[in-house]
Structure formats: C-alpha cells, structure tokens
Ligand code: AMP
C-alpha cells in the first residue's frame, strides 16, 4: 500500500522550525558555520564537548535553568541545573586528576540511567579522558570484551552491577585499576578493590578549568557490532560536538525553551549524542527516566513533564501502538510539538499512528554509531513520506553506490535503484577509527566514501528509503548485536560443536536473536539442554544479546573457507529461496 505524504505547513507550526529553508541552507552550508555557533574554550584553547554542553551555559544566563530532570524508578525527581552540573562534573574531573588519569585514558561507565552516569560522562570529557559507556543490561562477557579492547583504566558502576557482573572479571582485566561504586540511594559502599564514588566526589573541588583541547582529541568510544570478530570501538573526537549541536537543532528541532526527552540509554550512541550532548549544547531541559518501558508511565511523563520534543525508537512506538490509541487519549499530550524516531526502520503505519494518537507524526531519522550524529532525517519543515528516512542534512552528502572493486564504488545516479548507502567522508562527528584496528577502519571506505553497510534507495525527490543491512548483524529492539559474539559464547558450552546465529523477524522487536546449534558427539538435543543453553547464554551475555530461541541442527552450512552461512540459515528459517549456494562446502 502507498501512504499519503504528510504535508507540512511550516507557517502554521506553533514554533518556527529551526531549519526552515532546507534547500537554501543545503546549497550554501559549510560546517564552519555550525562551528561558529559554539563558543570554543576561552582564550581560543580549542574545543571541548563538556564546555559547550555545560560550562558555557553555567557561566551565562542559563546557569539556573534545569539541565537534567532525573525521574527515578521509584518516583524520585532530581533537578540538576546547568550551574550544578558544572560543579558536579568539575568534581569528577578532579577525582580523575587525583587518581592520576591522563588525557586520552579510558573511563568507562556501566550504570542504568542515574545522575552519576551523566556526571561521569561530562566530567571525563572535562578531564580530556575518553568516555566509554557500556549498556547496563550487558552480561559479564560483553562487558569484559569491551573493557579489555579499550583498556579501561577507570570504571564507574553501581554496587549492585559490580557484584553481579564485574567482580568476577577483575583478574581478567589487569588494566582496570580504579572501580568507583555508586551506592544505592547514595549510601557509602565498602567493597574490596573498589572506591566509593560519593566519598571521592565529596572530597573533590567543585571548580575545574578545562585544559586546552584539540578538536581532534579522542572524546568518546562507542562499541558497536560487526558480522565477524570482536566488538568494534568507534572512536569519536571533541569536534563531533559541532554535529551533535546543529543536528539537534535541525533534525530534532530543538529550541532553547524545549523540554526534551530522549528515551535511549547512554549505553548506546543515541543515548550519548542525543541523550547527553545535543540537548545540553542547545541549552534545553533534558528529561532522563531511569525506568524501563511502560506505556502508562511514558504517557504520564510526556504529560506531567510537558515534554515538547520527544526522540524515541520504533520498538517502543510499536509497543505503544499495541497498548492502543485509547490509552494515549487519556493523557494531555498538548505540549508535544515534535516527535522523532531512530534506530530501526519505522513502519509507515507508526508514522501515521503518531499523528492520529499523539497529534504529531513521527519523524524518522537515520544514522549509526560510526556517523556519531543524525545524517538523514525527516525535518520539521519538510513533508513526510511515511516509510522514508528523510533527506540528508545540510553538510551531509549521501548517495547510493555500487561496489566495482574492493576499494572502489560508483555512485548510482538513477533514482529508485537499490544499492549501498554511502556518505562522503568529512562531517565533524564521523568516527576517526576503530579502537586499535586500523585495517578494519580502512575497509569501511572506498576513496572519499564511507560505506555504511546498509542497503537503501533514493527516490527522485531525494528522500532515502531503507532496504536492509548488507551484512549479518542483527537489530533487536533497536540494539545492534553481532552474531559472532553470541556464537562464541554458545561454543563455550561443553555440548556445543558449532553455532550459527541470525536475526529472526519479529513484529515488535524487528528481529530476535535466534541460534542454531550442532551438538558434540554424545549429547542429545533435549528440551532440557535447550533450556540450559538459553540460560547459559543469558547469564553470560545479558538479556539484550542472548538468543531468545535455539534450534538444534545436525550440522551447520559452511562456505568452503569455513564460514557459517548465516544467510542460508535465515533463508531456511523463513522458507525463502536459498539463493547462490555455490560457496557451500557441502549440503548440511
Ligand atoms: P547503531 O550503530 O547501533 O546505531 O545501528 C545503526 C544501524 O541501525 C544502521 O546502520 C541501520 O541498519 C539501523 N538504523 C538506524 N536508523 C535507522 C532508520 N531510521 N531506519 C532503518 N534502519 C535504521
């Protein structure tokens, strides 16, 4: 079915869209203009994300404006003004200095959405350390792998998470010197080999002058997943703030008076770029909810906090749709001005449902860990074509390309042709490397083009449409999961000879992780063993990454070079044609 375009009349918008004349700005824009909207460190000493996000507001008219409104799981509310955030982040920067953490060393956080996480992120940036967030629902194995790859020296976590997931890893992580524990309800902690966050923070000075920061200094390390090998640490620099800031203004239509709610967790890139940096550089009040998804709670937050701009994800929207428009109708969502979505394909039904149930359509936008910020978006002032990701932001050149050699691509000029989505390198928030893996980084580029790994097409009016992934990575509830990471853990079980992992389509989560397992001699494929394997994987990988389904198979299809043919597993699972099987080693 084709969906009617949602026509915008920017003149009638309650607030003038921040990017009103897309075509004109796109034709003339240079990133230096966006850079000029930021202050830079006083005295021309460079560019630091934490200064743009916090200190420049704290030193000016926004000092007493609420920067973060934290909503605790149990109904607590904590307002942190820009002034207070400046002091807290100064304290943490001083804590790091006191621990002897040098610029460029990695400071990790493993925590739910609690104030300390936000303070740790911005404080680490002030100290010019590299901040690396880990998703709190990860199990010990993904945590260990990421801490080991990035050689984390400091970890900020909670006492509960430490006891459950990290304590047993310490021997395997010799580089991890300092673990700072946030106690429940601010209570002091006394766990061997750790330090108490509150004690360190209380003892630290609340002023900190950020030292000169080169815009190309590494600021953030965000792990993402590939089809093969270990997780990849995408390296982002302080210069990225230029893109965070202006894309927040354009693609999320942030205005200084907004109350903004990004539902993403900072353990993933959206929750950092748009859950921490962009709202603060734009000087808005950012709502942080500690709790997990709950339809009624979410509507209550939108109503009570008078949220004006909302950034969420398709899985959550589909869950709201399941809960019904009637539920939405019970709440006053009148403050809501702009709704956006990211992370997975947003069905056209969901865009239109937003319009009917919330009074605002969802504006889908596209980007990924490597791009650091929003690249393609449905904008406030532009008509929405439901199902499309929108158009490239000014400063972003996107194209559909076809590979003609390993290191060469050709741009497909004709509209409506499917190919790989590529971006011309050079935007400020582009990743600058995969941590410690220069060859893997180089493979992402062909000449000037960064190859995204996504398949898409562009229509004749310049709107981009997502088609699928070009590789085997899995998107489940908006989270990218690498099949290799899951297969490796399954293989650690004594019964497993080989494992192949795919994303199985799911109406709500887009995909769920499904594993096919071949057993070693002497093991029988019983329901008990299946349950045991599911539990084994869940304990090690955590709920988001672990398979939800396991099937036993006598053997797995492999290529002649020994790679598991996940594509074939998926085709068989879905009852689709098997495609080219000439690479198959032997029929399995
Ligand atoms: P991540 O790096 O975890 O943020 O995942 C990035 C990937 O998520 C992209 O390469 C796409 O495959 C997918 N993705 C993100 N946004 C969208 C969108 N608006 N529509 C379709 N897929 C998306």
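In the numbering used here, the protein residues as written are 11 to 598.
Idealized CB from N, CA, C, for every residue including glycine.
For residue 281, three-class secondary structure by DSSP
Position 271 of the chain shown, counting from 1, holds the residue named residue 281. Note: residue 281 maps to helix in three-state DSSP.
Residue 501 burial status per 10 Å Cβ neighbour count (16 or more: buried)
The residue labelled residue 501 in the question sits at position 491 within the chain shown. With fewer than 16 other Cβ atoms within 10 Å, it is exposed.
Could you check where the alpha helix (DSSP H) with residue 254 kicks off and where it finishes?
Looking up residue 254 in the chain shown gives position 244. Residue 254 -> alpha helix (DSSP H) spans 250–261.
Between residue 579 and the rest of its own chain, which residues show a CB-CB distance below 8 Å, the 5 nearest in sequence each way excluded?
The residue you call residue 579 lines up with position 569 of the chain shown. So the list reads 510, 512, 526, 566, 567, once near-sequence residues are dropped.
Residue 149 and residue 486 - do their beta-carbons sit closer together than 8 Å?
Taking the chain shown and counting its residues from 1, the one referred to as residue 486 is at position 476. Taking the chain shown and counting its residues from 1, the one referred to as residue 149 is at position 139. Not closer than 8 Å, so no.
Looking at residue 346: is its Cβ nearer than 8 Å to the Cβ of residue 369?
The count along the chain shown starts at 1 and reaches residue 346 at position 336. The count along the chain shown starts at 1 and reaches residue 369 at position 359. In this structure, residue 369 lies closer than 8 Å to residue 346 by Cβ.
Do residue 414 and residue 81 have their C-beta atoms closer together than 8 Å?
Here residue 414 corresponds to residue number 404 of the chain shown, with the count starting at 1. Here residue 81 corresponds to residue number 71 of the chain shown, with the count starting at 1. Taking 8 Å as the Cβ cut-off, residue 414 and residue 81 do not qualify as a contacting pair.
By DSSP, does residue 169 sit in helix, in strand, or in coil?
Along the chain shown, read from residue 1 onward, the residue named residue 169 stands at position 159. Under the three-state reduction of DSSP, residue 169 is assigned to helix.
Cutting at 7 Å between CB atoms, please list the residues of its own chain near residue 24, excluding the five before and the five after it.
Counted from its first residue, the chain shown places residue 24 at position 14. Only 347 meet the Cβ criterion.
Other residues of its chain near residue 17: CB distance less than 6 Å, five sequence neighbours each side excluded:
Here residue 17 is taken as the residue at index 7 of the chain shown, counted from 1. Result list for residue 17: 393, in chain order.
Within 10 angstroms of the Cβ of residue 289, are there 16 or more other Cβ atoms? Answer buried if so, exposed if not.
For the purposes of this step, residue 289 is taken as residue 279 along the chain shown, with counting starting at 1. Under this definition residue 289 is a buried residue.
Am I right that residue 156 and residue 241 are in contact with their C-beta atoms under 8 Å? What's the rounded C-beta distance?
Residue mapping note: residue 156 aligns to position 146 of the chain shown, counting from 1. Residue mapping note: residue 241 aligns to position 231 of the chain shown, counting from 1. Going by Cβ atoms, the distance from residue 156 to residue 241 rounds to 6 Å, so yes, they are a contact pair.
Measuring from the CB of residue 325, is there a heavy atom of the ligand AMP at a distance below 7 Å?
Position 315 of the chain shown holds residue 325. It does not: the Cβ of residue 325 is nowhere closer than 7 Å to a heavy atom of the ligand AMP.
Compare the C-alpha of residue 280 against each of 379, 265, 215 and name the closest.
One-based indexing of the chain shown puts residue 280 at position 270. Checked all of 379, 265, 215; the closest Cα to residue 280 is 379.
Residues bridged to residue 420 [DSSP beta-bridge criterion]
Locating residue 420 in the chain shown gives position 410, counting from the first residue. For residue 420, which the question treats as bridged, DSSP gives the partners 412.
First through last residue of the beta strand (DSSP E) which encompasses residue 476:
Taking the chain shown and counting its residues from 1, the one referred to as residue 476 is at position 466. DSSP places residue 476 inside the beta strand (DSSP E), whose first and last residues are 474–479.
Span of the alpha helix (DSSP H), counted from its first residue to its last, around residue 498
Counted from its first residue, the chain shown places residue 498 at position 488. For residue 498, the enclosing alpha helix (DSSP H) covers residues 493–501.
Within its chain, find whatever has a CB closer than 8 Å to the CB of residue 114; leave out the 5 residues flanking it on each side and keep chain order.
If you number the chain shown from 1, residue 114 lands on position 104. So the qualifying residues of the chain are 138, 139, 140, 227, 228.
According to DSSP, is residue 533 part of a helix, a strand, or is it coil?
Here residue 533 corresponds to residue number 523 of the chain shown, with the count starting at 1. Correct three-state label for residue 533: coil.
Please report how far the alpha carbon of residue 480 lies from the alpha carbon of residue 430, in whole angstroms.
The residue given as residue 480 occupies position 470 in the chain shown. The residue given as residue 430 occupies position 420 in the chain shown. One C-alpha to the other measures close to 7 Å.
Out of 267, 264, 265, 284, point me to the one whose CA is closest to residue 273's CA.
Counted from its first residue, the chain shown places residue 273 at position 263. Taking only the C-alpha atoms, the option nearest residue 273 is 284.
Heavy atom of the ligand AMP less than 7 Å from the Cβ of residue 402, yes or no?
For the purposes of this step, residue 402 is taken as the residue at position 392 of the chain shown. Incorrect: residue 402 has no Cβ contact closer than 7 Å to the ligand AMP.
Under the rule that 16 or more other beta-carbon atoms within 10 Å means buried, what is residue 175, buried or exposed?
Residue mapping note: residue 175 aligns to position 165 of the chain shown, counting from 1. Residue 175 is buried by the Cβ-count criterion.
Please say whether residue 235 and residue 492 have beta carbons closer to each other than 8 Å?
Counting from one through the chain shown, the residue named residue 492 turns up at place 482. Counting from one through the chain shown, the residue named residue 235 turns up at place 225. Contact flag set, yes.
Option in 62, 38, 475 with minimal Cα separation from residue 5
Missing from the structure shown is residue 5; the chain here goes from 11 to 598 and no further.
Touching or not, the segment 386–400 and the segment 253–272, by the rule of three or more beta carbon pairs under 8 Å?
When Cβ pairs closer than 8 Å are counted between the two stretches, the segment 386–400 is seen to touch the segment 253–272, the count reaching three or more.
Does the Cβ of residue 352 lie closer than 7 Å to at least one heavy atom of the ligand AMP?
Counting from one through the chain shown, the residue named residue 352 turns up at place 342. Yes, the beta carbon of residue 352 sits closer than 7 Å to at least one heavy atom of the ligand AMP.
Any heavy atom of the ligand AMP closer than 7 Å to the Cβ of residue 378?
For the purposes of this step, residue 378 is identified with residue 368 of the chain shown, where counting begins at 1. Yes, the Cβ of residue 378 comes within 7 Å of a heavy atom of the ligand AMP.
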